[in-house]
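Novice: After the structure tokens below, expect a handful of questions from me.
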Amino acid sequence: MSERRHKLHDETLCVMPGIDDAKGAVVPPIYQSATFRFASTAAAAARARGESDTYIYTRYTNPTLEAVEAKLAALERGARAFLFASGSAATATWCHAFLRPGDRLIAADQLYGGTAFYFDRYLSPLGIRVERVPFTDLDRLAAALAGAKAAWFETPTNPTLRIVDGPAVAELCRKHDVLSAVDNTFATPINQKPLSWGVDWVMHSATKYLGGHADVIGGVLIAGAGADVDSVYQARLAVGGVMDPHAAFLVDRGLKTLALRVERHNANAARLARWLSERAEIARVHYPGLPDHPGHQLAARQMRGFGGMLAVDLKGGYDAAAHFVDRLQVIVNAASLGGVESLASLPVLTSHARAGEDELQTAGITRGTVRISVGIESLDDLIADVEQALSDV
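Read in order, the letters of the sequence shown are residues 163 to 555 in my numbering.
Structure representation (structure tokens):
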């Protein structure tokens, strides 16, 4: 993507195509082809020698993927983006690209359950030591980073919306020569741009806000300036978790309204969080936009908006939380997040179903915690739905 587009506002970047179609199509076409024709055997030989970047096979790359990757790189102000078949595939490929036996990965103690499970179950047998530390404690983090190879964290965290000081973490990682990556799924590139802090890589589950319509599974890694993009390209090629062209088209379709949707997600979540904070049935509301949230001031400094995710702890524990979610009529009882529709789920049954009691406690998750992905519906309808669901909790 040209330098000119990097200077455009996010709202414009979301709408513009990543490439110009030669036939003038406003919407870039889907190149639903596994393989591509060589002009000659000489052309194939040049490609094999690395003297040509012509298309060969979609596992390497594909015009549709490149168009969407260019847009995503521009939105995050990054140097290069890589699309994957899922957010989990993006995370695993990043680990394959950069971690080797004997390396230490410093991972935040508050992570999406699937990421924590992968780190704990599959990296240790490869001889990679994973250390979980609170990234909110910069002194402990600094001590852990000494001699480490890489660091991985989230902000806001899933599901209790804790805020990590991204610029401070990035500075510590640079000081200790540690490769850094942040999962920016909850915030989106509209609300937060971690590469501006100095982190090396950003990851998104494109299934969530980027796609935005609960109809595509995907992930993306976006490199900061000077990042080792070739290692990720080679790892994606070897591991094979590349996104399908049609899925990339769906992500691009979602990106066109991302800025508009995030504006509505932010507004609905903020007002619903304030309303919930006054309800007697609720023990605690986790939302960084509330003034009494421990990370409110920090979030206000490093985020453009506070996001569409919130969590609540019901005073009645698991039974009350289950009853509440079962009574919802507009808000859907489903896993995932970031779509146009509002979703509610119990983390102990979904994102953190495999987490032990210690990990749940560290993440601030109780048996009565309900995570709510606030959609773009009428706020009046959402409040009315929550009110009737709470009426006999």
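Glycine is no exception: its CB is placed at the ideal position from the N, C-alpha and C atoms.
Just so it is clear, the structure is predicted and the values come from calculations on it, not from any experiment.
Give the secondary structure of S164 by DSSP, where H, G and I count as helix, E and B as strand, and everything else as coil.
Specialist: In this predicted model, S164 has a pLDDT of only 46, less than 50, meaning its place in the structure is not dependable enough to derive any value.
Novice: Straight-line CA distance for E443 to D554?
Specialist: Each residue's Cα considered, the two are about 10 Å apart.
Novice: Go ahead and label L288 buried or exposed: buried means 16 or more other beta carbons lie within 10 angstroms of its beta carbon, across all protein chains shown.
Specialist: When all chains shown are included, L288 counts as exposed.
Novice: Take I344 as the anchor and find which of G374, R336, A313, A368 has the nearest alpha-carbon.
Specialist: The residue asked about is misnamed: residue 344 is Val in this sequence, not Ile. V344 has its Cα closest to that of A313, out of G374, R336, A313, A368.
Novice: If we ignore side chains and look at the alpha-carbon of each, how far apart do P456 and I534 end up?
Specialist: Cα to Cα, P456 sits roughly 19 Å from I534.
Novice: Note down the Cα distance separating L452 from H458, rounded to an integer number of angstroms.
Specialist: Their Cα atoms are separated by approximately 7 Å.
Novice: Buried or exposed: M163, going by 16 or more other Cβ atoms within 10 Å of its Cβ?
Specialist: Note that M163 scores a pLDDT of 46, beneath 50, so its modelled location is shaky; the value from the coordinates is reported in the next line. Its Cβ being crowded by 16 or more others within 10 Å, M163 is buried.
Novice: Does the Cβ-Cβ distance between V510 and I538 come in under 8 Å?
Specialist: No. Outside cutoff.
Novice: Which residue wins for smallest C-alpha separation from Q520, given the options A187, A278, H258, D362?
Specialist: Position check: residue 520 holds Asp in this sequence, whereas Gln was assumed. Comparing Cα positions, the closest option is A278.
Novice: For K370, which of V391, L420, D362 has the nearest alpha-carbon?
Specialist: Here the closest residue by C-alpha is L420.
Novice: Measure how close the beta-carbons of T216 and A205 come, nearest whole angstrom, since I'm counting them as under 8 Å.
Specialist: The Cβ separation is near 7 Å, so the contact holds.
Novice: Just list the residues that DSSP pairs N495 with in beta bridges.
Specialist: DSSP, once it has assigned bridges, lists A506 as partnering N495.
Novice: Just confirm the distance between the C-beta atoms of M405 and A247, as a whole number of angstroms; I'd bet it's less than 8 Å.
Specialist: The Cβ separation is near 6 Å, so the contact holds.
Novice: Roughly how many angstroms separate the alpha carbons of L417 and A461, rounded to a whole number?
Specialist: Cα to Cα, the separation comes out at about 24 Å.
Novice: Pairing CB atoms from the segment 299–319 with CB atoms from the segment 498–514, are three or more of them under 8 Å?
Specialist: The answer is no - the segment 498–514 does not touch the segment 299–319, with fewer than three Cβ pairs under 8 Å.
Novice: I'd like the span of the alpha helix (DSSP H) that includes T255, first residue to last.
Specialist: Note, T255: alpha helix (DSSP H), 249–260.
Novice: Enumerate in chain order the residues of its own chain whose CB-to-CB distance from A435 is below 8 Å, with the five nearest sequence positions on each side excluded.
Specialist: Within the same chain, A435 has close Cβ partners V447, Y449, G451, L452, L472.
Novice: My assumption, with CB atoms under 8 Å, is that W256 sits in contact with L383. Please give the rounded CB distance.
Specialist: Between L383 and W256 the Cβ distance is about 6 Å, and since that is below 8 Å, they are a contact.
Novice: For G518, tell me which candidate among N430, D390, E316, Q272 has the shortest Cα-Cα distance.
Specialist: It is Q272.
Novice: Could you check the C-alpha separation between K311 and D172 for me, to the nearest Å?
Specialist: Looking at the two C-alpha atoms, the distance is approximately 33 Å.
Novice: In whole angstroms, give me the CA-to-CA distance for H366 and I379.
Specialist: So the two alpha carbons sit approximately 11 Å from each other.
Novice: With a CB to CB cut of under 8 Å and the five nearest residues on each side skipped, what residues in its chain are close to S195?
Specialist: These residues qualify, in order along the chain: T220, N224, P407.
Novice: Please classify G374: is it buried, with 16 or more other beta-carbons within 10 angstroms of its beta-carbon, or exposed?
Specialist: G374 should be labelled buried.
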